[in-house]
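One structure is given below, encoded as structure tokens.
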Amino acid sequence: MKIRLFLSLFIIIGFSVIIYAGVANTKHNLSKSGPGPIKSSEEDRVCVFCHTPHNALPYAPLWNRELSNALYQTYTSVTMNAQPGQPTGNSKLCLSCHDGTIALNAIYASSTPIANDLNFTLTGDSNLGTDLRDDHPISFVYDDNLANQDRQLKSPSTLPSFIKLQNGRVECTTCHDPHTETVYFLRTGDKQLLCTSCHDKKLEGTVTLSFSSSIHNQVISSAPISADYPCGDCHKPHNAKDVVNGDSTTQLLKGREENLCFICHGSSQGIGPLSQNNIDIENLMSSNDGFYDTYSGTRRWVNRSHDVTDAQQSSSGAHIECINCHGVHGVRRDDLNTTNVIESLVDPDNPSQPFTWGQPTNYSGSDKYWLKVYKIDHFCLKCHDGSFPTFSDRPDLNVLEPSNNNGYIRNIASGFYNSVHGKKRIPCIICHDPHGGNPFLISNRVRWTNAPFDTKNASRSNFDSGDIYVPIPVKFELCRKSCHNGDKQSHQTGKTNCQSCHYHGGGKL
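Here it is as structure tokens:
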């Protein structure tokens with residue numbers, strides 16, 4: 002019996018020595034020997050700020066700190082299947098210092114009082130506060146049921162050994178070890194590996210697109226992104242805020258919606274544009290040369306771009322963002338050598354990815370560029386057929402049926418009858434530019450070299466290098482400056498435009 006007790010004490014003492022050696026060189030050493038900026042000027046006991054050998058609290062082995070009674074605002078997201086509650090387990094222990102409600106010297110049991118020079122709470126990034134909506138979610142069950150429901154979480158049975166669930170739940174100590182010398186007390190020094198140990202950013206389809214092959218799998222170290230690992234380009238696990246203006250964000254992002262994309266795909270922040278062709282998407286999207294469509298049932302901005310900005314969608318029942326077409330975790334540059342996928346279009350609502358088409362086109366040629374152009378139509382029709390994609394929880398688009406002379410119709414699939422413009426003869430993006438152009442997304446530049454369709458009297462290369470500006474209200478100047486260059490005398494006053502009589506869904510164009 003004595004031998005067994007001796008061995009137990011020996012193991013405990015040995016383990017304590019190892020832990021002591023680890024924490025002594027970290028900021029968690031609040032004694033006067035600590036290496037960090039916050040430390041006591043008098044106290045020489047390293048472990049006393051969290052542990053005591055006698056009269057300990059029951060929350061953790063030999064626990065020595067009071068716990069907060071605060072009510073926390075927990076992380077929420079429309080894309081999250083987990084259900085975080087109020088902090089539990091080890092997370093409560095961490096928050097006894099890191100929520101800013103209890104002073105650092107507020108220990109539970111000590112024969113000698115803690116020095117008064119630590120009678121304050123943490124400040125700065127170390128203080129998470131009681132609003133945890135900008136911090137990685139904690140205190141939720143992580144099991145196979147959640148992984149199967151989410152589709153982008155790995156099974157807990159496959160997690161590496163350094164990931165520590167507590168009673169089957171994700172807690173602060175799942176990612177952090179308070180006794181280690183690793184940066185930010187992380188359980189591995191590889192931040193990217195820490196994220197991808199749980200998050201399986203892989204989209205399955207006829208071809209597998211994963212984050213490892215995405216164009217976004219790179220490190221943007223320039224300010225204001227200032228990342229040192231790929232996931233950190235867009236996300237921050239704690240105190241996530243807009244890196245430009247400090248506003249609150251969702252999904253732990255470093256920017257609000259399209260503004261985050263514009264940091265790299267624009268020019269106002271000094272990083273971008275970083276796209277392959279150096280295209281400034283922010284500048285293309287920023288034009289306010291549009292008008293508000295107030296016809297009953299639509300109430301949408303008809304602008305020079307997809308209406309991605311909040312101001313343009315304030316009265317709209319629909320909301321579109323960059324990620325609705327370009328899923329950031331799988332998107333790649335288009336490869337003209339592939340024939341079964343459009344790499345730049347990844348719909349995050351659809352688990353069968355990357356985007357592939359299931360319908361034939363009327364194009365029977367072999368030009369690789371035009372093969373892809375024609376098949377983009379099927380992606381457009383995911384929304385422009387009167388409803389959102391199948392795998393979305395969002396409401397249907399508010400589609401207005403044409404009446405009298407009103408041609409403001411968004412449902413392209415039901416009623417696009419004309420034998421030239423419809424029936425897959427001319428692709429959508431020939432007339433419409435999703436990133437710019439003019440009202441109704443009408444292109445301001447025609448690129449029809451080697452076009453496999455008849456342009457009537459217009460030269461196929463007339464406008465390959467020139468712009469066609471389409472002012473309001475003459476919204477369809479493109480029609481008569483490209484293919485339809487016949488007699489226009491009767492409607493050239495600017496008070497009548499082509500689409501007033503000829504519109505999608507209006508029967509014969």
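Numbering (the working numbering), first residue to last: 2 to 510. For glycine and all other residues, C-beta sits at the position ideal for the given N, C-alpha and C. Just so we're clear, the structure is a prediction, and the values are computed from it rather than from any experiment.
| Query | Result |
| --- | --- |
| Cβ-based burial, Pro428 [other Cβ within 10 Å; buried from 16] | buried |
| For Ile430, three-class secondary structure by DSSP | helix |
| Beta-bridge partners of His217, as assigned by DSSP | None; His217 has no bridge partner. |
| Straight-line gap, Thr77 to Pro238 (C-alpha atoms, nearest Å) | 14 angstroms |
| Span of the alpha helix (DSSP H), counted from its first residue to its last, around Gly271 | First-last for Gly271: undefined, no H or E at that position. |
| Alpha carbon of Val142 to alpha carbon of Ala83, nearest angstrom | 7 angstroms |
| Three CB pairs or more closer than 8 angstroms across the stretch 215-226 and the stretch 258-273 | yes |
| For Thr174, the first and last residue of its enclosing alpha helix (DSSP H) | Cys173 to Cys176 |
| Those residues which DSSP pairs with Val244 across a bridge | None; Val244 has no bridge partner. |
| Inter-stretch contact at 8 angstroms, needing at least 3 Cβ pairs: the stretch 56-73 / the stretch 238-255 | no |
| Simplified DSSP state of Ser367, which is helix, strand or coil | coil |
| Contacts around Asp378, its chain only, beta-carbon distance under 6 angstroms, and the 5 residues preceding and following it disregarded | Pro428 and Cys429 |
| Assigned secondary structure, Gly15 (DSSP; H/G/I helix, E/B strand, else coil) | Unreliable positioning characterises Gly15 in this predicted model, as indicated by a pLDDT of 44, which lies under 50. The coordinate reading is nonetheless provided below. It is helical. |
| Where the alpha helix (DSSP H) containing Met286 begins and where it ends | Ile282 to Met286 |
| CA-to-CA distance, Leu194 to Tyr230, given in whole angstroms | 10 angstroms |
| Three-state class that DSSP yields for Ile164 in the structure shown | coil |
| Identity of the residue in Asp151, Asp144, Tyr364 and Cys326 nearest Glu259 by Cα | Cys326 |
| Span separating the alpha-carbon of Ser321 from that of Glu43 | Correcting the residue identity first, residue 321 is Ile in this sequence and not Ser. C-alpha separation (whole angstroms): 58 angstroms. |
| 8 angstroms contact criterion, which Cys199 and Leu154 should meet: CB distance rounded | 6 angstroms |
| Alpha carbon of Asp100 to alpha carbon of Phe263, nearest angstrom | 33 angstroms |
| Distance, Ser158 Cα to Gly35 Cα | 38 angstroms |
| Those residues which DSSP pairs with Gln74 across a bridge | Asp132 |
| For Tyr470, the three-state DSSP class (helix, strand or coil) | At Tyr470 the pLDDT is 44, less than 50, meaning the model places this residue with poor confidence; the figure from the coordinates comes in the next sentence. Coil, per DSSP. |
| Through-space distance from Val332 to Ser345, alpha-carbon basis | 5 angstroms |
| C-alpha distance - Gly90 paired with Ser156, whole-angstrom precision | 22 angstroms |
| Leu337 burial status per 10 Å Cβ neighbour count (16 or more: buried) | exposed |
| Cut-off 8 angstroms between Cβ atoms - residues of its own chain near Lys93, not counting five sequence neighbours on either side | Tyr60, Leu68 and Ser69 |
| Proximity of His330 and Lys202 at Cβ, strictly below 7 angstroms | yes |
| For Ser268 and Val24, the rounded distance between their alpha carbons | 45 angstroms |
| Which listed residue (Lys376, Cys235 and Leu253) has its alpha carbon closest to that of His137 | Leu253 |
| Backbone CA spacing between Ile511 and Leu133 [nearest angstrom] | Beyond the ends of the chain as shown, which are 2 and 510, falls residue 511; an answer cannot be given. |
| Beta-carbon proximity of Glu172 to Thr27, cut-off 7 angstroms | no |
| The alpha helix (DSSP H) enclosing Ala148, as first and last residue numbers | Asp145 to Asp151 |
| Short Cβ contact (7 angstroms threshold) for Ala110 with Asn56 | yes |
| Same chain only: Cβ atoms within 7 angstroms of His169, ignoring 5 sequence neighbours per side | It should be pointed out that residue 169 corresponds to Gly in this sequence rather than to His. Once the five neighbours on either side are set aside, the close Cβ partners of Gly169 are Val142, Tyr143 and Asp144. |
| Simplified DSSP assignment, three categories, for Ser249 | strand |
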